[in-house]
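Beneath this line is the structure, given in structure tokens, with notes to follow.
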Amino acid sequence: MTTLTEPIATTATDGLAQTAALLGTGDAINGRERAITSDLTAVAHDLARGRYQSPLRYPGAKSALAPVIARVITSAKQSREVPEVNLLVEPFAGGASASLRMIGDGTVDRILLADADPLVTAFWQVAAEDTERLVDRMHDEWSRFVRHGGPSAVERWDYWRNWIPPIELAPRDRRLAAAMQCLFLNRTTFSGILHGKAGPLGGRAQESKYPIGCRWNPDALTERIRYVGHLYDVGRLVDVWRKDWRSTLDDVPERYPQLLPSRVIAYLDPPYIDKSSLLYRTSFDPRGGYGGQVEDGPEKDTDSLHLGLAHYLRAKAQFRWLLSYDNHPSLTESPWLYARDRMNPSESDRVNLGVRRWQISKRLVGTRYSAAGKVGKRAADELLITTLPPSTVPIDEQLRVLP
Ligand SMILES: C[S@@+](CC[C@H](N)C(=O)[O-])C[C@H]1O[C@@H](n2cnc3c(N)ncnc32)[C@H](O)[C@@H]1O
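For the sequence shown, the numbering used here begins at 3 and goes up steadily by one.
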């Protein structure tokens with residue numbers, strides 16, 4: 003687990019909780035969860051089949067894994083049990099690359115994004131619903147502060163790093179500014195990391211050949227932000243929730259009772275076991291799910307949250323799920339994680355919630371990712387675990403069974 007080199011004055015928990023409180027009713031777009039429309043309008047946007055669709059760069063982003071996940075879901079759709087996917091829920095949305103891909107290529111009918119980080123959700127909510135103001139704001143930041151780089155760009159980076167939503171701004175403007183903070187820091191910080199440890203691209207002296215603006219292409223960002231707005235307009239992006247993963251999974255059946263549980267799938271991409279507290283502002287922490295970087299034993303606490311997720315998915319999940327993880331041996335060895343091959347809900351959850359005893363399939367996927375602290379990309383196996391119908395989960399060179 004990570005050792006911090008800098009003292010933390012306040013825990014990330016305090017900062018995120020404060021941001022969330024100042025952003026007010028951000029639990030859903032427009033403050034209230036949106037209903038699903040039954041008439042689905044086609045996705046009509048050039049990016050629908052593009053390779054890069056997300057406006058956010060994300061450590062561990064799933065753009066490489068997304069086609070594999072799409073393949074697994076498409077294969078499941080050949081079965082009697084999952085003939086179509088009316089909703090894909092992504093409770094750890096981050097850069098949402100898998101959801102964006104699968105809504106663009108028609109693998110799923112609708113997507114619902116959720117994340118516990120208030121900056122991340124402010125970004126997606128504003129991109130969906132206040133699209134053109136965010137595009138304008140992004141161009142303004144680019145031309146005034148980023149484009150020419152140098153000390154004034156680093157000064158602006160410091161401004162956003164220390165910014166907290168001012169109470170005197172109107173709620174809509176506060177949300178827009180929080181979305182801009184997320185986008186600014188994501189595009190100008192090493193590895194797109196939002197929390198307090200990583201520095202600006204190009205270093206504080208800006209002597210690198212990769213300066214602060216090198217990951218900020220205003221035209222490409224305009225197109226990607228507008229793609230999100232389009233998906234929301236045509237009802238394909240149903241909503242963006244600011245919630246802990248557990249509330250998201252609990253609330254979907256309650257909020258959308260008209261959807262058949264067999265036609266809803268959750269794709270979960272939790273923070274990695276090895277690096278989670280280093281990479282994300284919001285890592286698994288039992289004291290509220292935020293921060294993780296505390297002096298009294300993040301390792302144990304982080305572990306207990308991974309165990310909590312595993313317990314929920316094994317015993318409580320009301321719809322099928324697909325989970326991706328770094329290939330950490332404990333995941334498939336521990337009976338408290340994913341060693342078992344079948345869900346084991348209690349009798350009362352089976353009767354009252356309709357939780358099923360689905361079989362659990364596991365596959366290894368070769369992929370490449372860049373992680374904080376590493377230069378360049380390295381090959382790594384990703385673990386895919388799923389309750390999709392086992393006979394439909396492919397086995398081949400791309401999706402290998404565990405040794
Ligand atoms: C691995 S990233 C997701 C990356 C994403 N799949 C992509 O392709 O960009 C994990 C995300 O989980 C979020 N997160 C961490 N703890 C959470 C929690 N308890 N509930 C919901 N989201 C959480 C983090 O804010 C982060 O955005």
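Quick reminder that beta carbons are idealized off the backbone N, C-alpha and C, glycines included.
Beta-carbon proximity list for residue 375, same chain, < 6 Å, skipping 5 on both sides: Residue placement at residue 375 is flagged as unreliable, the pLDDT there being 40, under the threshold of 50; a coordinate-derived value is accordingly withheld.
I'd like the list of long-range same chain contacts for residue 208, defined as Cβ closer than 7 Å, with 5 residues on each side in sequence excluded. For residue 208, where only same-chain residues beyond five positions count, the Cβ hits under 7 Å are 151, 152, 156 and 214.
Extent of the continuous alpha helix (DSSP H) run through residue 116: Residue 116 -> not in any alpha helix (DSSP H); beta strand (DSSP E) instead, spanning 113 to 117.
Does any heavy atom of ligand 1 sit closer than 7 Å to the C-beta of residue 247? Yes - ligand 1 has a heavy atom lying nearer than 7 Å to the Cβ of residue 247.
Using a threshold of 8 Å, state whether the C-beta atoms of residue 34 and residue 123 are closer than that. No, they are not a contact pair.
I'd like to confirm something about residue 125: is its beta-carbon nearer than 7 Å to some heavy atom of ligand 1, or not? False, no ligand heavy atom lies under 7 Å from that Cβ.
If you check the beta carbons only, do residue 55 and residue 103 fall under 8 Å apart? Result yes, Cβ atoms of residue 55 and residue 103 sit closer than 8 Å.
Just to confirm the assignment, what range does the beta strand (DSSP E) spanning residue 268 have? Where residue 268 is concerned, the enclosing beta strand (DSSP E) stretches over 266 to 270.
Go to residue 242, then tell me how far its beta strand (DSSP E) extends in each direction, as first and last residue. Under the DSSP assignment, residue 242 falls in the beta strand (DSSP E) whose first and last residues are 239 to 244.
When the Cα of residue 331 is compared with those of 390, 248, 260 and 364, which residue comes out closest? Each of 390, 248, 260 and 364 was checked against the Cα of residue 331, and the nearest Cα belongs to 364.
At the level of alpha carbons, what is the spacing between residue 85 and residue 307? Within the model, the alpha-carbon separation for residue 85 versus residue 307 is close to 33 Å.
Give a yes or no on contact between the region 220 to 229 and the region 130 to 139, applying the rule of three or more CB pairs nearer than 8 Å. The answer is yes - the region 130 to 139 touches the region 220 to 229, with three or more Cβ pairs under 8 Å.
Proximity to residue 362 [Cα-Cα], best of 167, 369, 354 and 346: That would be 346, whose Cα lies nearest to the Cα of residue 362.
Does the Cβ of residue 80 have 16 or more other Cβ atoms within 10 Å, making it buried, or fewer, making it exposed? Its Cβ having fewer than 16 others within 10 Å, residue 80 is exposed.
So does residue 254 have its beta carbon nearer than 7 Å to some heavy atom of ligand 1? False, no ligand heavy atom lies under 7 Å from that Cβ.
I believe residue 181 touches residue 94 by the beta-carbon criterion, under 8 Å. Please report the beta-carbon distance rounded to the nearest angstrom. For a cut-off of 8 Å, the C-beta gap from residue 181 to residue 94 is around 19 Å, too long to register as a contact.
Same chain, Cβ closer than 7 Å to residue 263, five either side skipped, listed in chain order: Correct list, in chain order: 255, 320, 321 and 356.
With 16 other Cβ atoms within 10 Å as the buried cut-off, status of residue 388: Per the 10 Å Cβ criterion, buried.
Considering only the beta carbon of each residue, do residue 241 and residue 100 sit closer than 8 Å? For the pair residue 241 and residue 100, the CB atoms are not nearer than the 8 Å cut-off.
Using a Cβ-Cβ cutoff of less than 6 Å, which residues in the same chain neighbour residue 408 once the five nearest sequence positions on both sides are dropped? One cannot answer for residue 408 here, as it falls past the ends of the chain, which runs 3 to 405.
Whole-angstrom C-beta distance between residue 167 and residue 21, which should lie under 8 Å: With 8 Å as the limit, residue 21 and residue 167 qualify as a contact, their Cβ atoms being about 6 Å apart.
Does DSSP put residue 372 in a helix, in a strand, or in coil? At residue 372 the pLDDT is 47, less than 50, meaning the model places this residue with poor confidence; the figure from the coordinates comes in the next sentence. Residue 372 sits in coil when the DSSP states are folded into three classes, being neither helix nor strand.
Return the residue from the list 398, 390, 401 and 399 that minimises the CA-CA distance to residue 75. For the set 398, 390, 401 and 399, the Cα lying nearest the Cα of residue 75 is the one of 390.
Give every residue of the same chain whose Cβ lies closer than 7 Å to the Cβ of residue 149, excluding the five residues on either side of it in the sequence, and list them in chain order. Hits under 7 Å: 215.
Considering only C-alpha positions, which residue in the set 32, 339 and 50 is nearest to residue 131? The option with the nearest alpha carbon to residue 131 is 32.
Residue 64: buried (16+ other C-beta within 10 angstroms of its C-beta) or exposed? Its Cβ being crowded by 16 or more others within 10 Å, residue 64 is buried.
Beta carbon of residue 129, beta carbon of residue 57: below 8 Å? Contact check for residue 129 against residue 57 passes: the beta carbons are separated by less than 8 Å.
Grab the span of the alpha helix (DSSP H) containing residue 323 for me, first residue to last. Where residue 323 is concerned, there is no enclosing alpha helix (DSSP H), although the beta strand (DSSP E) around it starts and stops at 322 to 328.
Just tell me which of 235, 340 and 265 has its CA closest to the CA of residue 82. If you compare the alpha carbons of 235, 340 and 265 with that of residue 82, the shortest gap goes to 265.
Return the bridge partner residues of residue 202 from the DSSP annotation. For residue 202, which the question treats as bridged, DSSP gives the partners 191.
Proximal residues to residue 317 (C-beta, below 8 Å), its chain only, five neighbours per side dropped: Within the same chain, residue 317 has close Cβ partners 345, 346, 347, 348, 351 and 357.
Alpha-carbon to alpha-carbon, residue 261 and residue 188: Computed Cα separation, rounded: 35 Å.
What are the uninterrupted segments assigned as alpha helix (DSSP H) that are 4 or more residues long and contained completely in the region 90 to 176, given in chain order? With a minimum length of 4 residues, the continuous alpha helix (DSSP H) runs that stay inside the region 90 to 176 are 99 to 106, 120 to 131, 133 to 143 and 152 to 164.
Examine ligand 1 and report whether any of its heavy atoms sits within less than 7 Å of the Cβ of residue 64. For residue 64, the Cβ falls inside the 7 Å cut-off from some heavy atom of ligand 1.
Please classify residue 195 as buried or exposed, where buried requires at least 16 neighbouring CB atoms within 10 angstroms. With a threshold of 16 other beta carbon atoms within 10 Å, residue 195 meets it and is buried.
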